[in-house]
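Residue numbers (this note's numbering): 19 to 221.
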């Protein structure tokens, strides 16, 4: 009889190779500061130019089982849940982000609706503004594809977290386009602490 690891490896969909790492600006609007906009564009270019194909190599069965149960209220199909979780985990790890934080952002932004579109045009689970596709020369990218959306959203959050020297509240406010307010970051904190937390974060 196969062990739990073998069973999970058969159950989990293969993600395989993914090309390029992306990022985007806040989910509501582009940075007002031209220097910040240019810095973000440069970050995107450098990320893409330094990226090559990669393979999932981490062993996350325990995390996937745990998170799949938490995600059930939003995604009922177990195979879809596992695919989303693998993609989120991979995108977050590549962007040096806690996957649980990314899941909290997705919950607040779209409640895991890949076809969500905001009133200002932000798209997908992480609500990414589409103009950045043209800015970095990737006009054909489809932001309703979760794999693409998670790469964009995770990279922008990484950019702002680095820029804010690890201050989660300020980085999340920039991601949301609501600098100076904690309303959005508090929502993400509540989602993280109430549903996705697995360990401490420096809030």
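Beta carbons: idealized from backbone N, C-alpha and C, even for Gly. The model shown is predicted, which means the values in this text are computed figures rather than measured ones.
Since residue i is in the alpha helix (DSSP H), which residue starts that stretch and which ends it?
i: residue 203; result: 201-209
i: residue 105; result: 96-112
i: residue 187; result: 186-194
i: residue 178; result: 164-181
i: residue 128; result: 117-128
i: residue 134; result: Unbroken run through residue 134: none, as it is neither H nor E.
i: residue 87; result: 79-89
i: residue 150; result: 149-153
Between the Cα of residue i and the Cα atoms of the options, which residue gives the shortest distance?
i: residue 115; options: 94, 58, 178 and 86; result: 178
i: residue 134; options: 211, 97, 198 and 161; result: 161
i: residue 132; options: 145, 112 and 82; result: 145
i: residue 222; options: 176, 217 and 165; result: In the structure displayed, the chain extends from 19 to 221; residue 222 sits before or after that span and is not available.
i: residue 130; options: 150, 154, 167 and 174; result: 167
i: residue 142; options: 52, 155, 212 and 126; result: 126
i: residue 220; options: 212, 183 and 199; result: 183
i: residue 176; options: 58, 199, 88 and 95; result: 58
i: residue 53; options: 185, 198 and 181; result: 181
i: residue 102; options: 155, 113 and 82; result: 82
i: residue 128; options: 169, 80, 85 and 92; result: 92
i: residue 60; options: 197, 185, 155 and 85; result: 155
i: residue 169; options: 95, 112 and 80; result: 112
i: residue 55; options: 157, 153 and 212; result: 153
i: residue 194; options: 157, 163 and 124; result: 124
Please go through the same chain and pick out, in chain order, the residues whose beta-carbon is closer than 7 angstroms to the beta-carbon of residue i, but skip the five residues on each side of it.
i: residue 33; result: Here the model assigns residue 33 a pLDDT of 30, short of 50, so the residue's position is not dependable and the matter cannot be decided.
i: residue 110; result: 116, 117, 120 and 172
i: residue 217; result: none
i: residue 80; result: none
Between residue i and the rest of its own chain, which residues show a CB-CB distance below 6 angstroms, the 5 nearest in sequence each way excluded?
i: residue 203; result: 187, 190 and 191
i: residue 171; result: 144 and 146
i: residue 122; result: 206, 209, 210 and 214
i: residue 159; result: 151 and 166
i: residue 196; result: 202
i: residue 200; result: 187
Below 8 angstroms CB to CB, which residues in the same chain sit around residue i once its five sequence neighbours on both sides are set aside?
i: residue 139; result: 147 and 148
i: residue 86; result: 96, 99, 100 and 103
i: residue 89; result: 99, 102, 103, 121 and 130
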